[in-house]
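Following: one structure in structure tokens, then a few remarks.
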Amino acid sequence: MTPKITVIDYGASNLLNVVRALEHCGAEVVVADQPETVINADRLLLPGVGAFADGMAGLKEKKLIEPLKGFCRKGNPFLGICLGMQMMLDSSDEFGHHEGLGLIAGQVIQIPAQGTNGEPHKIPHIGWNELRYPEKGGNWDGTLFYKLSPGNSMYFVHSFMAVPSNDRHRMANCDYDGQSICAAIRSENMTGCQFHPEKSGELGLTIIKEFIHIH
Amino acid sequence: MSNVRLIPRLDIKGPNLVKGIHLEGLRVMGDPKDFAVKYYKDGADELIYMDIVASLYGRNNLTDIVKRTVENVFIPLTVGGGIRSVEDAKHILRSGADKVAINTAAIKRPELIQEVSKIFGSQCMILSVEAQNMGPGKWEAFTDNGREKTGKDVLEWVRQGVELGAGEILLTSIDREGTRQGFDLELVRAVSESVPVPVIASGGMGQTQDMVDVIQKGKADAVAMADVLHYRRMTIQDIRQAGLDSNIHVRKL
Chain A
0 MTPKITVIDY
10 GASNLLNVVR
20 ALEHCGAEVV
30 VADQPETVIN
40 ADRLLLPGVG
50 AFADGMAGLK
60 EKKLIEPLKG
70 FCRKGNPFLG
80 ICLGMQMMLD
90 SSDEFGHHEG
100 LGLIAGQVIQ
110 IPAQGTNGEP
120 HKIPHIGWNE
130 LRYPEKGGNW
140 DGTLFYKLSP
150 GNSMYFVHSF
160 MAVPSNDRHR
170 MANCDYDGQS
180 ICAAIRSENM
190 TGCQFHPEKS
200 GELGLTIIKE
210 FIHIH
Chain B
0 MSNVRLIPRL
10 DIKGPNLVKG
20 IHLEGLRVMG
30 DPKDFAVKYY
40 KDGADELIYM
50 DIVASLYGRN
60 NLTDIVKRTV
70 ENVFIPLTVG
80 GGIRSVEDAK
90 HILRSGADKV
100 AINTAAIKRP
110 ELIQEVSKIF
120 GSQCMILSVE
130 AQNMGPGKWE
140 AFTDNGREKT
150 GKDVLEWVRQ
160 GVELGAGEIL
170 LTSIDREGTR
180 QGFDLELVRA
190 VSESVPVPVI
200 ASGGMGQTQD
210 MVDVIQKGKA
220 DAVAMADVLH
230 YRRMTIQDIR
240 QAGLDSNIHV
250 RKL
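Right, here's the structure in full:
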């Protein structure tokens, strides 16, 4: 049976690219903006590009916040990408203070405007950067990253970054001029990627394939 | 310095990939999609499609090529040429592009930068600038592939563009484009030091050392290349290796 992935449509501009990557990897895709489709999904993907407040407003307008939380409580696989990952946390400081979905404890804050050497660096953080294990522990066995190794590069484009409250939810980091940026978060059935697996070449697609087939 | 991107640039006329010198004297190379897929497999970090006659004729015909390309290419794709409105940008993004590059229409109506970045985000809005040297430390912005003068000073224009919301600058040197004589390092450095957003240097790549120079001396954040790849003078892997050998942070494959 072809695995069925439900992608939440709340106006995110990378939706079609995510759908294309899922289909390329063999999934049957349902694009949904109805609460009942979301809560009854087999596996759910939350895409996203753009501002945090706009993203949350889009979910709220379509009455998808509670169904989305309800889905995650059931324990089925959930993947958030970029803004979709940031919205999994409690709140963000992007253009004012905004509440997130609160699926994983933590905040979203601005990427420091300079490296640890004090030199200013370009914001947004755009480009390929290498995944690393978080400082405390790390090992991607049994996760969507199990085919990846530290040092594999993924494509990032963002100005804000996630800071999970518990280190155990930090799945991967990357380094931006000495500043440690959270590249992925995970708690049980829920995974979030700051980078874009759908735009990260064949290695990125291994994450999508794993999401389609994980049990 | 981090995350230097190597970006094949595909100039397109009608259905074909073309290549010229100083943005003129075009030669047909083949189906852009074939080149795009090859570059993706060879490890390109992003791709740029530029419809080089679109603004001349006031249209954009890349939609079908973009749609066919993104079926098999899973890296970011920037599309430029003939994008004159938010509607045009939306259309090309829906076809599968990740970012739009705008030159002529932004010169005519700078507010377009603001409109596009507000709706789709700054990360989507690349300001494309064609620069011609007008004397020491001075460059003028051109449109229509180097055909039309605008009277705008490049450094003032990029600062204004970023204030309006441009998230990246695609900087093409008309003087160097297609010459394989190296990038205009002075130009790239002047622009890179004028704006806080990433600068993609384009025009002049002839050997791997040119890429090293434009990053180390020109302070470029990304390097666009056409001729050297289309004519198979070198591979992306050759260029990447030269970057690694010079301690430049490029993607390790």
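Chains as they are written, first to last, in numbering that gives the first Met the number 0: chain A, 0 to 214; chain B, 0 to 252.
Note that the Cβ used here is the ideal one computed from N, Cα and C, for glycine as well.
Problem set entry | Residue interval of the beta strand (DSSP E) (run including K148 (chain B)) | 147 to 152 is the span of the beta strand (DSSP E), which, as asked, contains K148 (chain B).
Exercise. How many angstroms separate the CA atom of V190 (chain B) from the CA atom of S116 (chain B)?
Worked result: Each residue's Cα considered, the two are about 20 Å apart.
Problem set entry | Near-chain B residues of the region 47 to 65 of chain A (beta-carbon distance less than 8 Å), N- to C-terminal order | Answer in chain order: V48, G49, A50.
For this session: Put I103 (chain A) into one of helix, strand or coil per three-state DSSP.
Result: Residue state, collapsed to three classes: coil.
Problem set entry | First and last residue of the uninterrupted alpha helix (DSSP H) at K68 (chain A) | Looking at the DSSP string, the run of the alpha helix (DSSP H) that includes K68 (chain A) is 64 to 73.
Exercise. Interface residues of chain A around G95 (chain B) at Cβ under 9 Å?
Worked result: Neighbours of G95 (chain B) on chain A, chain order: L15, N16, R19.
Exercise. From I80 (chain A) to L184 (chain B), what does the alpha carbon distance come to, in whole angstroms?
Worked result: Taking the straight line from one Cα to the other gives about 37 Å.
Exercise. Can you tell which of B:S172, B:L16, B:N15, B:Q113 has its C-alpha closest to the C-alpha of M133 (chain B)?
Worked result: When only C-alpha atoms are compared, the closest one is B:S172.
For this session: With a threshold of 16 other CB atoms inside 10 Å of the CB of I20 (chain B), please say whether the residue is buried or exposed.
Result: Residue burial annotation: I20 (chain B) is exposed, with fewer than 16 other C-beta atoms found within 10 angstroms of its C-beta.
Exercise. Is there contact between the region 58 to 70 of chain A and the region 29 to 37 of chain A, where contact requires at least three CB pairs shorter than 8 Å?
Worked result: Under the Cβ criterion (8 Å, minimum of three pairs), the region 58 to 70 of chain A counts as touching the region 29 to 37 of chain A.
For this session: Can you tell me which of the three DSSP states T103 (chain B) falls into?
Result: The answer is helix: DSSP assigns T103 (chain B) an H, G or I state.
For this session: Report the rounded CA-to-CA distance for S90 (chain A) versus R169 (chain A), giving the unit in angstroms.
Result: Answer to the nearest angstrom: the Cα atoms are 16 Å apart.
Exercise. Across which residues does DSSP place A154 (chain A) in a beta bridge pair?
Worked result: Ala is not the amino acid found at residue 154 (chain A); the sequence shown has Tyr there. When beta bridges are read from the DSSP output, Y154 (chain A) appears opposite A:W127.
Problem set entry | Contact under 9 Å by Cβ, C218 (chain A) with E129 (chain A) | Given that chain A is displayed from residue 0 to residue 214, the structure contains no residue 218 (chain A) and the question cannot be resolved.
Exercise. Going along chain A in order, which residues have a C-beta closer than 7 Å to the C-beta of M235 (chain B)?
Worked result: According to the sequence shown, residue 235 (chain B) is Ile rather than Met. Under the 7 Å cutoff, chain A gives no residues; its nearest Cβ is about 12 Å from I235 (chain B).
Problem set entry | contact_flag[the region 71 to 84 of chain B, the region 33 to 51 of chain B] where n(CB pairs < 8 Å) is 3 or more | At 8 Å Cβ cutoff, the stretches touch.
Exercise. For E176 (chain B), which option in B:I118, B:A225, B:I168, B:V36 has the closest C-alpha, if you only look at C-alpha atoms?
Worked result: Taking only the C-alpha atoms, the option nearest E176 (chain B) is B:A225.
For this session: With 7 Å as the C-beta to C-beta threshold (strictly closer), list the residues of the region 5 to 26 of chain B near chain A in chain order.
Result: Cβ contacts with chain A: none found.
Exercise. Going by Cα to Cα distance, which pick from A:A52, A:Q85, A:A161 is closest to G95 (chain A)?
Worked result: Ranking the options by Cα distance to G95 (chain A), first place goes to A:A52.
Exercise. Does DSSP classify E86 (chain B) as helix, strand or coil?
Worked result: E86 (chain B) falls in the helix class under three-state DSSP.
Exercise. Under 9 Å between the Cβ atoms of L39 (chain B) and N71 (chain B)?
Worked result: It is Tyr, not Leu, that sits at residue 39 (chain B) in the sequence shown. With a cutoff of 9 Å on beta-carbon distance, Y39 (chain B) and N71 (chain B) are scored as near each other.
Problem set entry | Through-space distance from A200 (chain B) to I214 (chain B), alpha-carbon basis | Approximately 9 Å, taken between the alpha carbons.
For this session: Would you identify the three-state DSSP class for M0 (chain B), choosing helix, strand or coil?
Result: Any reading at M0 (chain B) is ruled out, since the residue's pLDDT is 47, under 50, leaving its predicted position unreliable.
Problem set entry | Beta-carbon proximity list for V256 (chain B), same chain, < 6 Å, skipping 5 on both sides | Residue 256 (chain B) falls outside the range modelled here, since chain B spans only 0 to 252, and no answer is possible.
Exercise. With distances taken from CA atoms, which of B:L61, B:E155, B:V187 is nearest G13 (chain B)?
Worked result: Considering only alpha carbons, the answer is B:L61.
For this session: Could you check what DSSP says for S179 (chain A) in three-state terms: helix, strand or coil?
Result: If DSSP states are grouped into helix, strand and coil, S179 (chain A) belongs with the strands.
Problem set entry | Assumed close pair K89 (chain B), R67 (chain B) - CB separation to whole angstroms, cut-off 8 Å | A Cβ-Cβ separation of about 19 Å leaves K89 (chain B) out of contact with R67 (chain B) under the 8 Å criterion.
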